[in-house]
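J.: Input: one structure, supplied below.
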Amino acid sequence: MRLTQGTFSFLPDLTDEQIGAQIEYCLAKNWAVSIEYTDDPHPRNTYWEMFGLPMFDIRDAAAILGEVRTCRKTFPRHYIKVNAFDSTRGRESLRLSFIVNRPEREPGFALTRQEGPGRTVQYTTRSYAVERPEGERY
Amino acid sequence: MKVETAPSIEALGGGPRSGDSAADSAALAPNCDLEAVFRDSHVGDVLDELDRELVGLAPVKSRIRDIAALLLIERLRSNLGLTTGAPSLHMSFTGNPGTGKTTVALRMAQILHRLGYVRKGHLVAVTRDDLVGQYIGHTAPKTREVLKRAMGGVLFIDEAYYLYRPENERDYGQEAIEILLQVMENQREDLVVILAGYKDRMDTFFRSNPGMSSRVAHHLDFPDYTSPELLAIARLMLGGMQYRFSPEADRAFRDYIERRKAQPHFANARSVRNALDRSRLRQASRLFARRGGPISREDLVTLEAADILASRVFGGSAT
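Sequence lines, in order, name chains A and B. According to this note's numbering, the first sequence is numbered sequentially starting from 1. According to this note's numbering, the second sequence is numbered sequentially starting from 1001.
Structure representation (structure tokens):
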């Protein structure tokens, strides 16, 4: 099951050239771009690992694209996303976030039903991948 | 390669198929394009500015013109579908202190940007401290960080010879050089590296790092300025700060340059700038001493001979 999180996730995977163009757009807006990776793709997992620090005062997309490639080489079977943070006063939040790398096989999520008092049912999802320990999941 | 060039040559000469309109326009284009490309790039403006604002430096200017011409021709060639290899533009600037190496590097970034060789055209000026770390494993990330910042522009390494310290074989400078070399070779289209330093020490540096020497295509030597050139520079600097010499001060400054050149630690344009700054101080206190009376605009912009003659190069008097 294909993971659809962040911007562009319903499109086919972006090529490096397209990723570069998106990063170029972020830099033109003065957003700080950072790279994060994880192997726990639960939609509520907002704490992905940082790959290096957010890249401030970078002027050209080539530099960040280089980092993306390094990250892919280090974690070829992890999810990797590129984030762009807008530090403008009052905004101070992510403006753009998109996935740039995903594992070859994405097993998807199981729906768990939990019966509560009064026949209420609580639903939660659980990734099949997280059954194994971190680092061995994909 | 042959396959690519063949149709273009046909297009250039009109060829047997000059009847169809596409070939016609292609045949017409080469005659007018150079002028158009030259105008569009606004390189002419930068080169004129270079002539106007930088005094002397004839060999440097002519090399910059050559590079500009080459890049324009490359652009024409690529318009016609001829093969173009992005030329290697890493440079080394050698010369005595104050001969304008940093200023030219800044201009170079602008020119290369106008010519479309670098994408952003900013200059990142660094020295050894910015590249080399203090402990094992610190150097590589530091150097990469700097290189990342310089991507799309020009990386200017001032006093580059400090990177290599032959007296200490465990110096981390070598590691920085290796990373630099790698990026200079593999990401030629992403950044231009300019190494600068004093002539003799840079020669030693290149001798002990042959890999670096062969990857730097342009070795530019900045000559020392002559006295008239220094005077012209002084006038240019004063003009920029909205000051001027009185006629006597002009003569005095000419004299000053001659005397200063004979002294040790003469740093060309930098010495001139320092001398002017000191003259401004003296002018300010001279005017301040006259307070109470009216001070005209003329007084405020004029440096008098006395402001210059008070310098220590004139016979060891005050300051």
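Cβ atoms here follow ideal geometry from the backbone N, Cα and C, with glycine treated the same way. Computed from a predicted model, the values in this text were never measured in an experiment.
Smallest Cα separation from residue 136 of chain A: which of A:78, A:72, A:19 and A:45?
T.: What you label residue 136 of chain A is simply residue 136 of the first sequence in a count that begins at 1. If we check each option's Cα against that of residue 136 of chain A, A:78 comes out closest.
J.: Considering only DSSP beta bridges, list what residue 35 of chain A is partnered with.
T.: Here the question's residue 35 of chain A lines up with position 35 in the first sequence. DSSP output for residue 35 of chain A lists A:82 as bridge partner(s).
J.: Can you tell me which of the three DSSP states residue 1126 of chain B falls into?
T.: Here residue 1126 of chain B refers to the residue found at position 126 of the second sequence. Three-state result, residue 1126 of chain B: strand.
J.: Could you check whether the Cβ of residue 1130 of chain B sits closer than 8 Å to any Cβ belonging to chain A?
T.: Counted from its first residue, the second sequence places residue 1130 of chain B at position 130. Answer no: the Cβ-Cβ gap between residue 1130 of chain B and chain A never drops below 8 Å.
J.: Going by other Cβ atoms of all chains shown within 10 Å of its Cβ, with 16 needed for buried, is residue 1173 of chain B buried or exposed?
T.: Taking the first residue of the second sequence as 1, we reach residue 1173 of chain B at position 173. Buried: at least 16 other Cβ atoms inside 10 Å.
J.: Check whether the segment 1131-1142 of chain B touches the segment 1093-1105 of chain B, counting contact only when three or more Cβ pairs, one atom from each stretch, lie closer than 8 Å.
T.: no
J.: If you check the beta carbons only, do residue 1112 of chain B and residue 1123 of chain B fall under 8 Å apart?
T.: Residue numbering aside, residue 1112 of chain B sits at position 112 when the second sequence is read from its first letter. Residue numbering aside, residue 1123 of chain B sits at position 123 when the second sequence is read from its first letter. The answer is no: Cβ separation not under 8 Å.
J.: Going by the beta-carbon positions, is the gap between residue 81 of chain A and residue 48 of chain A smaller than 8 Å?
T.: In the first sequence, the residue the question calls residue 81 of chain A occupies position 81. In the first sequence, the residue the question calls residue 48 of chain A occupies position 48. Contact: yes.
J.: At a cut of 8 Å, does the segment 1247-1263 of chain B reach the segment 1219-1230 of chain B through at least three beta carbon pairs?
T.: yes
J.: Just to make sure I have the definition right: I need the residues of chain B whose C-beta is within less than 8 Å of the C-beta of residue 55 of chain A. Which are they?
T.: In the first sequence, the residue the question calls residue 55 of chain A occupies position 55. Residues of chain B passing the Cβ test: 1148.
J.: Can we say the segment 1269-1284 of chain B touches the segment 1300-1312 of chain B, given the rule of at least three CB pairs closer than 8 Å?
T.: yes
J.: Should the segment 1059-1078 of chain B be called in touch with the segment 1159-1173 of chain B, which here means at least 3 C-beta pairs below 8 Å?
T.: no
J.: Evaluate residue 92 of chain A with the Cβ neighbour count: other Cβ atoms within 10 Å of its Cβ, from every protein chain shown; 16 or more gives buried, anything less gives exposed.
T.: Here residue 92 of chain A refers to the residue found at position 92 of the first sequence. Label assigned to residue 92 of chain A: exposed.
J.: Look at residue 1184 of chain B and residue 1207 of chain B and say whether their C-beta atoms are less than 8 Å apart.
T.: Against the second sequence, residue 1184 of chain B aligns to sequence position 184. Against the second sequence, residue 1207 of chain B aligns to sequence position 207. Contact flag unset, no.
J.: Output the distance between the C-alpha atoms of residue 61 of chain A and residue 24 of chain A, rounded to the nearest integer angstrom.
T.: On the first sequence, position 61 is the one that residue 61 of chain A refers to. On the first sequence, position 24 is the one that residue 24 of chain A refers to. Rounded to whole angstroms, residue 61 of chain A to residue 24 of chain A spans 5 Å at the Cα level.
J.: From the DSSP output, which residues share a beta bridge with residue 1157 of chain B?
T.: The residue you call residue 1157 of chain B lines up with position 157 of the second sequence. Residue 1157 of chain B pairs with B:1126 and B:1195.
J.: Does residue 1122 of chain B come within less than 8 Å of chain A when only Cβ atoms are used?
T.: Here the question's residue 1122 of chain B lines up with position 122 in the second sequence. Answer yes: the Cβ-Cβ gap between residue 1122 of chain B and chain A drops below 8 Å somewhere.
J.: Which of the three DSSP states, helix, strand or coil, is assigned to residue 101 of chain A?
T.: Counting from one through the first sequence, the residue named residue 101 of chain A turns up at place 101. Three-state result, residue 101 of chain A: strand.
J.: How about residue 1148 of chain B and residue 84 of chain A: do their beta carbons lie closer than 8 Å?
T.: As a first step, residue 1148 of chain B must be located in the second sequence, where it is residue number 148. As a first step, residue 84 of chain A must be located in the first sequence, where it is residue number 84. No. Outside cutoff.
J.: What did DSSP end up calling residue 1003 of chain B once you bin it into helix, strand or coil?
T.: Taking the first residue of the second sequence as 1, we reach residue 1003 of chain B at position 3. The predicted model places residue 1003 of chain B with a pLDDT of 37, which falls under 50 and marks its position as unreliable; any figure quoted below should be read in that light. Helix at residue 1003 of chain B.
J.: With C-beta atoms as the reference, is residue 965 of chain B less than 8 Å away from residue 1159 of chain B?
T.: Absent from the model: residue 965 of chain B. The displayed extent of chain B is 1001 to 1319, so no value can be given.
J.: So does the segment 1188-1203 of chain B actually touch the segment 1236-1251 of chain B, counting three or more Cβ pairs closer than 8 Å?
T.: no
J.: Between residue 21 of chain A and chain B, is there a C-beta pair that is closer than 8 Å?
T.: Position 21 of the first sequence, counted from the start, is the residue given in the question as residue 21 of chain A. For residue 21 of chain A, the answer is no, since every Cβ of chain B falls outside 8 Å of its Cβ.
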